[in-house]
Structure formats: structure tokens, C-alpha cells
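To keep things clear, I will list the structure first and then write my remarks on it.
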Amino acid sequence: MDKAITTILLLIAGIVCTVLVINTVYPAVNRSTAAMVTIAGKADERIQTNVEIIQTAVVDTNVHVWVKNIGTARILAIEQSDLFFGVTGAQTRIPYGSGSPYWDYQIENNTEWTPMATVRVTIHLASAPSGNYVMKLVLSNGISDEYVFSV
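Note that the sequence shown covers residues 7 to 157 in our numbering.
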């Protein structure tokens, strides 16, 4: 009889320990899986995204820069991109929308920035530029391209 009670108590203790371990480990595994799925999605987005600055032109105090989507994904939230512009070695971040200087954009051959579509970025400056300049566009997901040109 003693052995039966001891066996039953050990069996109950084993079941309780198993349930505790499962309740502790399962949520951690579930969170890790969700994190891995999120990371994989972001990596996939970065792999599918690519841009190339293809041309620049200066008109008075404006610098026009044409940027082509050479990736396989549509690019969203263009206004959340960072644009760096300035003479070689002294570039500064130019804000989107307003102020001086500022930049805006126009999608030229589509209604969205889909693969193979081109965006014309216009940098509005206070004075006409001259010399060697560097322009770098960094998308919201970190993909970037840089272009060096002379005026």
C-alpha cells in the first residue's frame, strides 16, 4: 500500500512539473516564432527593394534628381525617406516638404513607385549650387543610393 501511494504521489508530481514546464516554454517558443517571422518579412522586403539614382539636373536654385525603382517591390512612404545633400564631405539632411532647403517628389511614369517606375526628387535650395555635390537617398527600410555630380 505504501508503494502505491508513493507511486501515485510521484506520478502527480511528474504531471504537475510537466504542465509547469510546458506552460513556461510554450509561450517563449511562440514569441520566438513570431519574432522570426517578423525578421524574415523585413529581410524579404529589403531584398526586394533597390533604387538607383540615374540623373541629376540643376535649374536655378532647384536640383532635380531622377531615381528609378530597380527592385521587385513597390516602395511606399517616399516622404519618410532621408535625403542628404551638400558639397563633398559636408552633406546635411534635407527635410521633406517645407522650410529652406527642402525636398519634394513627383512619380513620373506611374501613379505609385512600382518596379521600373521613376521618381523625380526636387531639392529646393536658397541659392544656386556650384561645385561638386553628393546626394544620398535613404529609404525608410534602410536601402540607399548615392550620386556624386558637378555643377
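C-beta atoms are modelled at their ideal positions from N, C-alpha and C, and glycine is treated no differently.
Every value quoted in this text rests on a predicted model; they were computed, and no experiment measured them.
Where Arg80 falls: helix, strand or coil (DSSP) | On the sequence shown, position 74 is the one that residue 80 refers to. Looking at Arg80 - three-state DSSP - the assignment turns out to be coil, as it is neither helix nor strand.
Residues near Asn75 by beta carbon distance below 7 Å, same chain, minus five either side | As a working note, residue 75 is residue 69 in the sequence shown. The beta carbon of Asn75 is closer than 7 Å to those of Val57, Ile81, Trp119, Thr120, Pro121, Met122 and Ala123 in its chain, skipping five residues each way along the sequence.
Do the stretch 123-142 and the stretch 30-50 touch if we need at least three Cβ pairs shorter than 8 Å?
-> When Cβ pairs closer than 8 Å are counted between the two stretches, the stretch 123-142 is seen not to touch the stretch 30-50, the count staying below three.
Can you name the start and end residues of the beta strand (DSSP E) that Gln86 belongs to?
-> The residue labelled residue 86 in the question sits at position 80 within the sequence shown. Segment: none, Gln86 is in no beta strand (DSSP E) and carries neither H nor E.
Sort Ile100, Val64 and Asn29 by Cα distance to Pro135 and report the nearest one.
-> Position 129 of the sequence shown holds residue 135. Pro135 has its Cα closest to that of Val64, out of Ile100, Val64 and Asn29.
Across which residues does DSSP place Arg1 in a beta bridge pair?
-> The structure shown does not extend to residue 1, since the chain is modelled only from 7 to 157, so the question has no answer here.
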